[in-house]
Amino acid sequence: MSDQSVYKIEALRGSENYVTWVVKMKDILADLELLEHVTEPKGGKKDTLTADEVTAWTKKDRKALVHIRVRVHETLIAEISSATTALEAWDKLKKAYGSGGFSTIIQKRKTLFRAELAEGEDAVEHIRKLRAIAADLALLGEAINDVDLALVIMTSLPPSYNSLIGSFDY
-16 MSDQSVYKIE ALRGSENYVT WVVKMKDILA DLELLEHVTE PKGGKKDTLT
34 ADEVTAWTKK DRKALVHIRV RVHETLIAEI SSATTALEAW DKLKKAYGSG
84 GFSTIIQKRK TLFRAELAEG EDAVEHIRKL RAIAADLALL GEAINDVDLA
134 LVIMTSLPPS YNSLIGSFDY
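For the sequence shown, this note's numbering assigns the number -16 to the initial residue and increments by one for each residue that follows.
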């Protein structure tokens, strides 16, 4: 069984799932003992590496690059097609989709607070999406407390849920 089949995550689609993608990718790379290839410059302490160690580093770096590329949606692959190292690909993706800083937080908050469940749509899936956005915000250092998340969920529900919402007592 190949490593790719062991780790199933949603492909990176852009800034909307970048935060959770990074967390999952770091877990995968750490489990494969490849995390240093996206956190350190080539070879770490390159000056102290032997030729064999540089060769081993290069092989593992190529493996890390493959793991990144196979988990990026095909519409975004051009962003990293020219990357020759895992760190280069990682940094390009971070610059393109993760370095938004405050603007990323604003976009995620807008998505969270403007969410609406249409009549007939799956409420469980809707709540799952809202919880995922809240989790992304927490990873960005902007956690939404449970009461506020519950209020967001309740205000996003259509009128058919009014009797349910009215039954809650805070």
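No residue lacks a Cβ here, since even glycine has one placed at the ideal position from N, Cα and C.
Here L(-5) is bridged, per DSSP, to V55. In this structure the stretch 80 to 100 touches the stretch 111 to 124; the number of beta carbon pairs closer than 8 Å is three or more. Listed in chain order, the non-local C-beta contacts of R54 below 7 Å within the same chain comprise I(-8), A(-6), L(-5) and M8, local neighbours out to five positions each way being set aside.
Our two residues, I51 and A69, have alpha carbons roughly 7 Å apart in a direct line. Under the three-state reduction of DSSP, E62 is assigned to helix. Taking R111 as reference, the option from E19, A133 and E102 with the minimal CA-CA separation is A133. In terms of CA proximity to I88, I127 leads the group I127, L59 and W73. Pairing L76 with L59 gives a Cβ-Cβ distance under 9 Å.
For E125, the closest of Q90, E99, P141 and S143 by C-alpha to C-alpha distance is Q90. Just so you know, the alpha carbons of H20 and A101 end up roughly 44 Å apart.
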